[in-house]
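Top line first, the protein sequences correspond to chains A and B. Per numbering that gives the first Met the number 0, the first sequence starts with residue 0, numbered consecutively. Per numbering that gives the first Met the number 0, the second sequence starts with residue 0, numbered consecutively.
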Amino acid sequence: MSDGRTKERSLSFLNKDFDMDRFFILLFFCGLLGCSSGQPPFRWVGDIDPNPKLDNPNFLLCHSENDVRQYFNMSKGLSFEGEKPAIVSYFENNYKPVDVLESGWIRVRFIVNCKGQSGRFRMLESDEHYKERPFDKKISNQIFTLTTQLSGWKILQEKSEAVDYYQYLLFKIKDGQIVKILP
Amino acid sequence: MLKIYLFLLLISFQNVYAQPNCNYYKLSGDQKKYEACKAAEKREGHYQFSWAYQNALDEALAIDSTFSYAYSAKSTAYLKSGDFVTWVELMNKAVEIAPADHLDYRGWCRYQFFRDYEGAIEDILWLKKLNKNHIGFSVNGDYHLDVALALCYKATNRTDEAIIILENKMKDPQFMTGLYDHLHLGVMYLEKGDYQKASEQFKLQEQKNDLAENRFYAAIASRLSDDEDSYLFHLKMAKKHYLNGQKMFDPYTEHIDKIFLSDITNEEQKNFKTEASEVNGYVLRRQ
Chain A
0 MSDGRTKERS LSFLNKDFDM DRFFILLFFC GLLGCSSGQP PFRWVGDIDP
50 NPKLDNPNFL LCHSENDVRQ YFNMSKGLSF EGEKPAIVSY FENNYKPVDV
100 LESGWIRVRF IVNCKGQSGR FRMLESDEHY KERPFDKKIS NQIFTLTTQL
150 SGWKILQEKS EAVDYYQYLL FKIKDGQIVK ILP
Chain B
0 MLKIYLFLLL ISFQNVYAQP NCNYYKLSGD QKKYEACKAA EKREGHYQFS
50 WAYQNALDEA LAIDSTFSYA YSAKSTAYLK SGDFVTWVEL MNKAVEIAPA
100 DHLDYRGWCR YQFFRDYEGA IEDILWLKKL NKNHIGFSVN GDYHLDVALA
150 LCYKATNRTD EAIIILENKM KDPQFMTGLY DHLHLGVMYL EKGDYQKASE
200 QFKLQEQKND LAENRFYAAI ASRLSDDEDS YLFHLKMAKK HYLNGQKMFD
250 PYTEHIDKIF LSDITNEEQK NFKTEASEVN GYVLRRQ
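Laid out in structure tokens, this is it:
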């Protein structure tokens, strides 16, 4: 199973009117970049590519795109100032329950860089059967915005060097209310 | 003799997370699955998030789309990255093909990663039916799945049923208690207001695997039993253990009944005399 981003790229490629000039330009860049039939279509499962339309231009990685870890790679678990209760109480204090009978999960995934800054937020929404579908925007927009504004992510290190890492928050929603925040 | 050998090969990979023994398929005459299994072996040495790992499993599925292990193995990176939509799609395929082999993983993860208690209960009960109650352990090895079932019952306000399951497990001489089982049973008694039985379980937990959590809840049981000395002692021990890192820990998610430093400091700020014996039963937080 390929990832969604690869699929999007492939489709836009096929929609273009191809001519020979473009073909040779592509061939040239392929030579430079090493695209061949054996080139992996993605680095790691779930990688978040930068998107200028979505991302804060001031958010930068400290290391290469290939070198973004997962939060659990350092065996520290969820690392936040004040631990998990600080996250829970932030959402308890700021999320306004919505009177919409929608339930399921919302995941917001992002990167925490070596300075403890967060960026490249992406959201995934599903119903209670894990089937992808959008929530009412009054629910999802709140959760997304609050997550982007949440600060306190700890700097994680490996061999005494601060790393960039992927983190996510998963919200279990019952009838428009947050009933659990994971991980 | 061949049947015995095949049986031994089969049980050698009953745990779906271990490398399947491809020779089982070969000796069973299932050449297609054997080839799929060999293709899946190419993922060895690669990180499960990598394209090489995923591609080896895709190749296996291209050879035999009913090689259920490949769906399960592919799903793990999606689960850990929080892409639960893809994870479920893959796991549903694995379960559809071989439910007895994959319900343990799907059921456990529905509990651990999503607190999908109803979904986990459904999967574990289905597995019990298929495997005549032989359901094994959670993927991380922390729990027998009957204990996980009990935790799901507790989380859905069926604590009495949860207690019966755990009491029966503990009475079974064949059952070896897990890392946190006494703690969980103690917390269930605490929630029901049976402080004596709760304290007994926290003592057993202390002997098996002494943690900040059992000390914290032992302190609460002492407070609710009006035993101030014991309360202060256990609360102090809870903080000491917590700061030493002697606490419940999982790199991916938090355990049910886990406490945090703020739980201890909040408790320290309470007035023992006014808080004691005012309520019947105690719930730190409904998870």
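A virtual CB, placed ideally from N, CA and C, is assigned to each residue, including glycine.
With contacts defined by Cβ atoms closer than 8 Å, B/I263 and B/Y230 do not form a contacting pair. In the structure shown, the three-state DSSP call for A/Q156 is strand. Non-local C-beta neighbours of B/E160 in its own chain, meaning closer than 6 Å and more than five positions away in sequence, comprise Y152, ordered along the chain. For B/S221, the enclosing alpha helix (DSSP H) begins and ends at 211-223. Contacts with chain A at 8 Å (Cβ-Cβ) do not include B/A59. Counting the other Cβ atoms within 10 Å of the Cβ of A/S150 gives fewer than 16, which makes it exposed. Boundaries of the alpha helix (DSSP H) around B/Q53: 50-62. DSSP, reduced to helix, strand and coil, places A/A161 within a strand of the structure shown. Under a criterion of Cβ atoms nearer than 8 Å, the residues of chain B adjacent to A/Q69 are, in order, F48, K79, S80. For the C-beta of A/V44, the chain B residues within less than 7 Å are, from N- to C-terminus, F48, Q53, A76, Y77, S80.
About 5 Å separates the beta carbon of A/Y165 from that of A/Q69, a gap short enough to meet the 8 Å contact definition.
Taking the beta carbon of B/L260 as reference, the chain A residues within 8 Å of it are E82, listed in sequence order.
Taking B/E34 as the centre and dropping the five residues before and after it, the same chain places the C-beta of I62 closer than 6 Å to its C-beta, in chain order. Among the residues facing chain B, A/F109 is not included, as its CB has no counterpart in that chain under 8 Å away. Taking 8 Å as the cut-off, the Cβ atoms of B/I258 and B/F215 count as close. DSSP, reduced to helix, strand and coil, places A/V107 within a strand of the structure shown.
Minimum Cα-Cα distance from B/K239 among the listed residues B/S224, B/L210, B/E266, B/D225 corresponds to B/L210.
The closest CA to that of B/R105, considering only B/A39, B/E43, B/S137, is found on B/S137. Where A/I180 is concerned, the enclosing beta strand (DSSP E) starts and stops at 176-181.
Taking C-beta atoms as the reference points, A/L168 and A/T146 count as a pair closer than 8 Å.
Shown in chain order are the members of the stretch 129-142 of chain A whose Cβ falls below 7 Å from a Cβ of chain B: Y129, E131. Under the Cβ criterion (8 Å, minimum of three pairs), the stretch 141-151 of chain B counts as touching the stretch 114-131 of chain B. Counting C-beta atoms within 10 angstroms of its own C-beta, B/K92 has 16 or more neighbours from the protein chains shown and is therefore classed as buried. What B/E253 touches in chain A, judged by beta-carbon distance under 9 Å, is G76, L77, K83, L181, P182, going in chain order. The beta carbon of A/P40 sits closer than 8 Å to some beta carbon of chain B. Secondary structure note for A/E124: its beta strand (DSSP E) is the uninterrupted segment 117-125. Listed as beta-bridge partners of A/K171 by DSSP are A/W104, A/K179. Looking at the DSSP output, A/Q148 bridges to nothing.
Approximately 13 Å separates the beta-carbon atoms of B/A99 and B/Y68; this is outside 8 Å, ruling out the contact. Inter-residue distance for B/A76 and A/S125 is about 19 Å (C-alpha atoms, whole angstroms). Under the DSSP definition of a beta bridge, A/R68 partners with A/Y164. Leaving aside the five residues that flank B/K191 on each side, the residues in its chain whose CB is nearer than 7 Å to its CB run, in chain order, T158, G280. Residue-level contact check: B/D193 does not touch chain A, since none of the beta carbons of chain A fall below 8 Å from its beta carbon. Counting along the chain, B/Q47 sits inside no alpha helix (DSSP H), nor does DSSP assign it H or E at all.
DSSP places B/W86 in the uninterrupted alpha helix (DSSP H) bounded by 83-96.
Scanning its chain for C-beta atoms nearer than 6 Å, with the 5 sequence neighbours on each side dropped, one finds around A/K137 the residues V97, in chain order.
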